[in-house]
Amino acid sequence: MNKSAFNHRPVHWLPYTDKEVIEKARKVNMHELEDYSWENKEFKVSVVQDVQSTFVIDLFYRLYKSDTENQKLTIILPNPYAAVYENLAELCNKYGVSCRNLNVFFLNEWADDMGNIAPLDYTASYGRIFQKYFYNGLNPELRPKESNIHYFTNENVEHYSDLIDEVGEGGADVCYSSIGWSGRIASIEPEGEFICESMEDYLKQTTRIVSNHMISIAEDSLLGLFASSGDLAAVPPKSATVGPRDIAHARDHIELQYKTSLDKAVSWQRMVSRLMLFGPVAMEVPASILRMYKGTCYIHEAVAAQFKGKPDMPEEVFSYLKK
């Protein structure tokens with residue numbers, strides 16, 4: 506059977522289009538990383554069976570230590586993680602773990618086309634999810650002060666990064682994240698408001714209102730927050746987001762990659778995870794900056810799976826169809 510060569514360039518509006526790097530990333534075997542080294546020796550990758558349970562275990566242990574050692578704990582959280590927050594609250598209640606020392610910040614929050622940040626009574630508000638499933642789920646005597654929960658607001662967005670540094674005494678103790686389809690971390694997109702001349706300047710940038718990338722809008726339209734229906738118009742066009750400085754200042758990082766279809770056969774994170782880990786550290790893949798800092802990237806087995814294309818049609822079948 507003769508095969509015609511068909512090569513094409515990636516569509517121009519993709520954030521990352523280097524074909525050589527993309528092809529190399531596709532071929533990476535995520536299960537053979539024991540000897541792989543990243544920019545920071547304290548950055549690690551771990552392939553696990555259940556990423557969200559790993560999230561619960563990691564954060565619960567930090568809450569337990571904060572309680573028993575009576576130490577402040579400042580964290581930056583992703584969303585939406587209703588099940589994680591619900592389980593965390595249940596564990597704290599069951600074992601009497603006090604969250605009195607906890608200070609919470611968020612990676613991002615929705616904003617409208619005029620840059621107004623979504624209030625907590627907005628159904629899809631990320632802050633609302635945390636408030637409902639974790640804060641309100643805790644027994645009252647185990648809750649932190651309400652003033653310790655720093656939701657994004659129109660009033661604090663411009664100095665939110667300074668608040669993190671102030672409360673966290675130089676930065677958060679840990680930043681949890683999950684790479685977006687566009688390569689974003691939080692709502693730090695690969696195009697738009699954060700792009701600048703150098704990585705040095707990039708890493709100094711702080712919180713702001715940004716436009717959501719079209720890929721991110723498509724991704725978020727599949728969330729349960731928007732009825733998992735691809736309703737692009739339902740997704741707010743902008744977000745309030747932490748900046749690269751907040752990622753850089755965090756003392757530890759936990760990256761969570763687990764997003765698949767229910768049967769685990771489909772994962773839009775499978776490719777962008779590889780670009781983040783094995784492409785260059787670049788503004789075109791914002792989450793790649795995690796490799797510069799201490800942290801662990803937990804990857805679900807299905808996201809770590811090798812790429813599998815459809816097998817070639819058997820020669821006899823192809824010949825029969827040509828008749």
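Just so we're aligned, residue 506 is where the sequence shown starts under the working numbering, counting upward by one. Using N, Cα and C, we set each Cβ at its ideal position, and we do this for glycine too. Quantities reported herein were computed from a predicted structural model and do not represent experimental measurements.
Just to check my reading of the structure: residue i and residue j have Cβ atoms closer than 8 Å, yes? What is that Cβ distance to the nearest angstrom?
{"i": "Q587", "j": "Y638", "result": "What sits at residue 587 in the sequence shown is Ala, not Gln. At roughly 5 Å, the Cβ-Cβ gap stays under 8 Å, so A587 and Y638 are in contact."}
{"i": "V561", "j": "N592", "result": "5 Å"}
{"i": "A594", "j": "L730", "result": "The Cβ separation is near 20 Å, so there is no contact."}
{"i": "S471", "j": "E614", "result": "Outside the shown range of the chain (506 to 828) lies residue 471, about which nothing can therefore be said."}
{"i": "R514", "j": "F812", "result": "Not really, about 20 Å apart at Cβ, beyond 8 Å."}
{"i": "G735", "j": "L727", "result": "6 Å"}
{"i": "G675", "j": "H754", "result": "6 Å"}
With a threshold of 7 Å on Cβ separation, who are the neighbours of residue i within its own chain once the five nearest residues in sequence on each side are excluded?
{"i": "Y707", "result": "F699, C701, P749 and M788"}
{"i": "R605", "result": "P649"}
{"i": "N653", "result": "L607, N608 and V609"}
{"i": "D618", "result": "P742 and K743"}
{"i": "Q636", "result": "L625"}
{"i": "F697", "result": "Before going on, a small fix: residue 697 reads as Gly here, not Phe. The answer, listed in chain order, is V715 and S716."}
{"i": "V672", "result": "T579 and N608"}
{"i": "L538", "result": "V550"}
{"i": "I622", "result": "E614, A616, F657, T658, N659, V662 and A745"}
{"i": "N644", "result": "N598"}
Residues in the same chain with beta-carbon distance under 6 Å from residue i, minus the five sequence neighbours each way, listed in chain order, please.
{"i": "K769", "result": "A807"}
{"i": "K549", "result": "T801"}
{"i": "S692", "result": "N613, V715, S744 and T746"}
{"i": "D751", "result": "S666 and I669"}
{"i": "T559", "result": "V553 and Y803"}
{"i": "V849", "result": "Coverage of the chain is limited to positions 506 through 828, which leaves residue 849 absent and any answer about it impossible."}
{"i": "I634", "result": "N584, P585 and A587"}
{"i": "D725", "result": "V740"}
From the DSSP secondary-structure annotation, give me the bridge partner or partners of residue i.
{"i": "T801", "result": "K549 and I759"}
{"i": "V679", "result": "I580"}
{"i": "W615", "result": "S744"}
{"i": "R713", "result": "T746"}
{"i": "I684", "result": "I684 pairs with nothing; no bridge assigned."}
{"i": "L596", "result": "Answer is none; L596 lacks a bridge partner."}
{"i": "A787", "result": "V790"}
{"i": "R609", "result": "Before going on, a small fix: residue 609 reads as Val here, not Arg. Per DSSP, I580 and I654."}
{"i": "D622", "result": "In the sequence on display, residue 622 carries Ile and not Asp. For I622, which the question treats as bridged, DSSP gives the partners A616."}
{"i": "I693", "result": "I690"}
Could you pull out every residue in the same chain whose Cβ sits closer than 8 Å to the Cβ of residue i, ignoring the five residues on either side in sequence?
{"i": "Q557", "result": "Y586, A588, V589, L761 and Y763"}
{"i": "I580", "result": "L564, R567, L607, N608, V609, F610, A677, D678, V679, C680 and Y681"}
{"i": "L780", "result": "Y521, V526, I527, A530, G688, V790 and S793"}
{"i": "P695", "result": "P520, Y521, S687, G688, R689, H718, M788, E789, V790 and P791"}
{"i": "D572", "result": "V602, S603, C604, R605 and N606"}
{"i": "A732", "result": "A739"}
{"i": "D523", "result": "G784"}
Step through the CB atoms of chain B and report whether any lies within less than 7 Å of the CB of residue i.
{"i": "D757", "result": "Considering every chain present, this structure includes no chain B. It has just one protein chain."}
Requested in this report: Could you tell me whether the region 764-784 touches the region 671-686, where touching means 3 or more Cβ pairs closer than 8 Å?
Outcome: yes
Query raised in the report: Taking the runs of the alpha helix (DSSP H) that are 4 residues or longer, which of them lie wholly in the region 510-571?
Result: 524-531
Report task. Indicate whether the contact test is met: 3 or more Cβ pairs, each with one atom in the region 720-731 and one in the region 594-601, closer than 8 Å. Result -> no
Query raised in the report: When the Cβ atoms of the region 532-552 are set against those of the region 795-807, are three or more pairs found closer than 8 Å?
Result: yes
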